[in-house]
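For the sequence shown, UniProt numbering gives the first residue as 1, with consecutive numbering after it. Glycine included, C-beta positions come from ideal geometry on N, C-alpha and C. Report on one structure; see the data block that follows.
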Amino acid sequence: MHPSAGVNNNQHLNHQPYQQMSHYNAQQMHQQQLHHQLMTPNPYQQHFQQQMHPQLHHEDHLNMHFNPMSYPQQQQQQQQQQQQQQQHLHHFGHQIPAPPAQQGPTPQQPHLHQQIPHPLSHHQTPQPTPQPLAQQQSPQPARQPRQTKKQKQQAQNQDQADAQSQAQQHHMAMMARANQNDMLESSTRKVAPRSSDLFRVGPPFSISKQHQPVYCVGTDMPVTPLLHARIDRGFEMGETGSWIGYKRNYFTLVASFTLQDFDFEKFIGNKFYTYDKVNNKVNGFPPHHPSHPQNQPQNHPGHPHHNQHAGESRVPISYFAIRLVAKCSDEDVAISLIQHTAKRDKGPQFPPPIYPAVPSELPDHETVKVSCNKRNNNKIETMNKIFYFDRGNYYQEYNLDSYKDQSILKSYPSQSISKVARFERIQFTSSIRVKSTNTTARYFTLHVELLGIIEDEDLQIQPILLSSIESPPLIVRGRSPSSYHKDRTSGYRATNTPTPTPPQ
Numbered sequence: 001m002h003p004s005a006g007v008n009n010n011q012h013l014n015h016q017p018y019q020q021m022s023h024y025n026a027q028q029m030h031q032q033q034l035h036h037q038l039m040t041p042n043p044y045q046q047h048f049q050q051q052m053h054p055q056l057h058h059e060d061h062l063n064m065h066f067n068p069m070s071y072p073q074q075q076q077q078q079q080q081q082q083q084q085q086q087q088h089l090h091h092f093g094h095q096i097p098a099p100p101a102q103q104g105p106t107p108q109q110p111h112l113h114q115q116i117p118h119p120l121s122h123h124q125t126p127q128p129t130p131q132p133l134a135q136q137q138s139p140q141p142a143r144q145p146r147q148t149k150k151q152k153q154q155a156q157n158q159d160q161a162d163a164q165s166q167a168q169q170h171h172m173a174m175m176a177r178a179n180q181n182d183m184l185e186s187s188t189r190k191v192a193p194r195s196s197d198l199f200r201v202g203p204p205f206s207i208s209k210q211h212q213p214v215y216c217v218g219t220d221m222p223v224t225p226l227l228h229a230r231i232d233r234g235f236e237m238g239e240t241g242s243w244i245g246y247k248r249n250y251f252t253l254v255a256s257f258t259l260q261d262f263d264f265e266k267f268i269g270n271k272f273y274t275y276d277k278v279n280n281k282v283n284g285f286p287p288h289h290p291s292h293p294q295n296q297p298q299n300h301p302g303h304p305h306h307n308q309h310a311g312e313s314r315v316p317i318s319y320f321a322i323r324l325v326a327k328c329s330d331e332d333v334a335i336s337l338i339q340h341t342a343k344r345d346k347g348p349q350f351p352p353p354i355y356p357a358v359p360s361e362l363p364d365h366e367t368v369k370v371s372c373n374k375r376n377n378n379k380i381e382t383m384n385k386i387f388y389f390d391r392g393n394y395y396q397e398y399n400l401d402s403y404k405d406q407s408i409l410k411s412y413p414s415q416s417i418s419k420v421a422r423f424e425r426i427q428f429t430s431s432i433r434v435k436s437t438n439t440t441a442r443y444f445t446l447h448v449e450l451l452g453i454i455e456d457e458d459l460q461i462q463p464i465l466l467s468s469i470e471s472p473p474l475i476v477r478g479r480s481p482s483s484y485h486k487d488r489t490s491g492y493r494a495t496n497t498p499t500p501t502p503p504q
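Have a look at this one:
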């Protein structure tokens with residue numbers, strides 16, 4: 001064999017491992033390029049992932065590309081792997097960027113990671129600039145584990161806070177819509193005139209003020225009448241403590257009276273009288289008439305009423321009655337009341353009637369509330385026993401002769417006598433003008449009066465005011481409750497409230 005042939009053969013044998021190694025490196029580079037092209041998201045996917053998850057590292061977008069749901073579970077594992085790699089590189093003193101995390105059990109080869117940036121430039125994929133390890137690590141290496149744990153806890157807390165924030169925003173949006181619907185419904189909802197929601201106890205009345213004395217015929221002893229009244233509908237207290245009503249609204253008032261130390265049986269077994277002054281119309285009696293002043297027993301010096309009522313006319317009381325009137329604090333302003341019929345159309349309007357009445361206690365508020373607008377005959381009959389006294393049934397029950405009756409019951413004009421005077425569907429004929437300059441002290445008052453009905457010389461009935469009670473100052477408004485922004489009532493509806501907008 002030629003010596004040169006041996007040399008060539010040896011050279012061929014010596015170059016063969018290098019050729020195999022270069023072929024292997026080329027094959028590995030080709031596989032790495034294919035691997036990168038498959039595993040690396042395109043620029044559109046990377047832009048979308050960065051917009052949706054700005055807090056993720058650029059290496060985590062690879063996992064999000066193939067398995068988006070695996071990120072919450074793999075985040076902790078990736079952080080641990082990255083920490084181990086950084087500690088290993090720091091131990092050898094390499095100041096190179098951290099290699100990207102690899103999934104699977106395939107062992108990592110350093111020369112493969114050095115070749116990864118070359119395929120990245122193949123399709124112009126944008127990547128963040130690698131930072132030195134000294135900038136990524138904390139200036140205090142001893143506190144690195146605590147910071148890593150803190151960062152992990154902060155990431156978990158941030159995820160929980162984001163979920164709670166989204167749930168809270170959704171809840172606030174739903175509440176805003178619900179409140180807006182409630183405001184619209186409350187502003188447009190109207191209460192029916194017969195609704196029980198309109199009934200509320202109004203202002204209290206004063207104690208009874210006696211204007212003329214009342215005496216019992218059999219004993220000539222004075223009798224003290226006591227009036228009771230209550231507003232069950234139409235007035236409520238405003239924000240400043242004033243009692244407010246509205247001209248267009250109805251109000252309901254009930255009233256009754258009692259005689260002190262007189263029960264009902266004692267009342268119907270007696271008669272009563274009072275005294276009328278000289279200037280009263282009943283003093284036109286002729287001299288021979290028993291009611292003429294010179295024929296009055298009180299004119300005799302021995303009469304117990306001689307010192308008090310000498311020169312006055314003693315007049316018998318035919319029956320008692322209850323009247324409702326309205327007055328204004330300004331005496332120059334006339335105010336009156338009207339009562340509507342039960343029909344809801346524009347029917348006839350009358351002044352409140354004068355109710356002939358016998359003594360009785362005032363029923364409670366709930367009884368008055370239930371008694372309104374009854375249609376059942378049995379219920380109406382039950383309520384009538386509370387509010388009325390039937391004289392005919394009384395005569396039949398006690399076997400009394402109506403013609404021989406000498407009590408005060410015989411003088412009443414009808415068989416059905418009111419025990420409680422019910423003033424329903426009452427309205428004021430005028431209201432107080434808010435824009436007037438002198439309305440600061442102007443107000444209305446309601447007066448319940450107990451009258452003694454007597455007969456004059458022409459046998460015409462005449463009322464004498466015996467006792468009265470009055471309400472506290474009342475403010476009667478002419479417009480709707482929403483028109484008054486000061487001293488509001490329950491009917492106030494804000495019209496300029498901004499509409500709440502739900503969060504985007």
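What's the call for residue i, buried or exposed, on a 16-neighbour Cβ count within 10 Å?
i      : result
Pro413 : exposed
Thr403 : Note on residue identity: the sequence assigns Tyr, not Thr, to residue 403. It is exposed - the Cβ of Tyr403 has fewer than 16 other Cβ atoms within 10 Å.
Gly202 : buried
Phe251 : buried
Ile475 : buried
Asp232 : buried
Gly245 : buried
Pro352 : buried
Ala392 : A quick correction: the sequence has Gly, not Ala, at residue 392. Gly392 is exposed by the Cβ-count criterion.
Tyr319 : buried
Roughly how many angstroms lie between the CA atoms of residue i and residue j, to the nearest whole one?
i           : j      : result
Ile454      : Asn249 : 35 Å
Asp220      : Asn270 : 11 Å
Ala334      : Gly234 : 21 Å
Glu312      : Ile380 : 46 Å
Asp261      : Gly478 : 44 Å
Asp263      : Gln460 : 30 Å
Val217      : Lys247 : 45 Å
Pro363      : Leu226 : 15 Å
Glu397      : Thr382 : 18 Å
Glu265      : Arg323 : 24 Å
Glu449      : Cys328 : 16 Å
Val325      : Phe272 : 25 Å
Leu466      : Asn384 : 27 Å
His447      : Tyr394 : 32 Å
Arg442      : Ser471 : 15 Å
Ser431      : Leu400 : 51 Å
Ala255      : Glu457 : 31 Å
Phe199      : Ile338 : 19 Å
Thr224      : Ser468 : 12 Å
residue 508 : Gln169 : The chain is shown only over 1 to 504; residue 508 falls outside these bounds and no answer can be derived.
Pro117      : Gln158 : Residue placement at Pro117 is poorly supported in this model, since its pLDDT is 46, which falls under 50; the coordinates are not used for a value here.
Asn378      : Glu424 : 21 Å
Val358      : Pro204 : 22 Å
In the DSSP output, which residue or residues are listed as bridge partners for residue i?
i           : result
Tyr319      : Ile453
His340      : Gln349
Ser416      : Asp390
Asp276      : Ser313
Met237      : Trp243
Tyr215      : Pro222 and Tyr273
Gln427      : Ile338
Cys372      : None, per the DSSP bridge assignment.
Val325      : His447
Ala155      : DSSP output for Ala155 lists no bridge partner at all.
Leu227      : Phe257
residue 574 : Look at the range of the chain in this structure, 1 to 504, and you will see that residue 574 is not part of it.
Lys209      : Ser468
Kindly indicate which residue of the options has the alpha-carbon position closest to the one of residue i.
i      : options                           : result
Ser371 : Pro204, Thr148, Leu253 and Gln169 : Leu253
Ile317 : Asp159, Pro463, Pro473 and Met383 : Pro463
Asp276 : His309, Ile426, Glu361 and Pro351 : His309
Ser360 : Phe350, Leu337, Pro352 and Tyr388 : Tyr388
His365 : Pro222, His228, Lys152 and Ser206 : His228
Pro356 : Ser418, His340 and Val214         : Ser418
Pro304 : Pro352, Ala161 and Tyr215         : Tyr215
Asp390 : Trp243, Ser336 and Ser416         : Ser416
Lys369 : Arg230, Lys209, Ile354 and Glu331 : Arg230
Got a sec: does the ligand FMN put a non-hydrogen atom nearer than 7 Å to the Cβ of residue i?
i      : result
Ser468 : Looking at this structure, you won't find the ligand FMN or any other ligand, since it has none at all.
Query raised in the report: Should the region 398–414 be regarded as contacting the region 236–252, the criterion being three or more beta carbon pairs within less than 8 Å?
Result: no
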